[in-house]
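Novice: Under full-length UniProt numbering, read the sequence shown as residues 1 to 98, first letter to last.
We put the CB at the ideal spot given by N, CA and C, even for glycine.
Nothing here was measured: the structure is a model prediction, and the numbers come from that model.
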Amino acid sequence: MQAKALVKRKVFPEITEKEKSDDESDKQAFVPDDEDMDVDEIGQSVCDDKDAVCLFCDERFSENQIGELWVRCIMCNLWAHEQCSGAEKDDYVCDFCR
Numbered sequence: 001m002q003a004k005a006l007v008k009r010k011v012f013p014e015i016t017e018k019e020k021s022d023d024e025s026d027k028q029a030f031v032p033d034d035e036d037m038d039v040d041e042i043g044q045s046v047c048d049d050k051d052a053v054c055l056f057c058d059e060r061f062s063e064n065q066i067g068e069l070w071v072r073c074i075m076c077n078l079w080a081h082e083q084c085s086g087a088e089k090d091d092y093v094c095d096f097c098r
């Protein structure tokens, strides 16, 4: 019996250099240069209302312990302690607005 010679063939067509560069540019992520899109780390918001009340425990901001972090709901603009809310980012939506 004679052994058959293996025939090599290409499964995918060859890609030119131009096609490679086009593909690479398509894969780059588009991130708009817009300050409104930034999500700050938790606690960078500053409560500007001394009479603000925590949504969960009803403690006033003026009675707040130094160093406690507060977050504001982006839907209703009400404030809450970071610990009471469980928020992880300043881009927070409270349980009542969900």
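1. If you draw a straight line from the C-alpha of ARG77 to the C-alpha of GLN83, how long is it?
2. Using a threshold of 8 Å, state whether the C-beta atoms of residue 182 and HIS81 are closer than that.
3. DSSP has CYS73 in a bridge; who is on the other side?
4. Assuming contact is defined by CB atoms lying nearer than 8 Å, are ASP51 and ILE74 in contact in what I supplied?
5. Does the separation of the CB atoms of LEU69 and CYS94 fall below 8 Å?
Specialist: So, to answer that:
1. Here residue 77 turns out to be Asn, not Arg, going by the sequence shown. Computed Cα separation, rounded: 17 Å.
2. Nothing can be reported for residue 182: it is not among the residues displayed for the chain, which extend from 1 to 98.
3. TYR92
4. Going by C-beta atoms, ASP51 is not nearer than 8 Å to ILE74.
5. Not in contact: LEU69 and CYS94 (Cβ atoms no closer than 8 Å).
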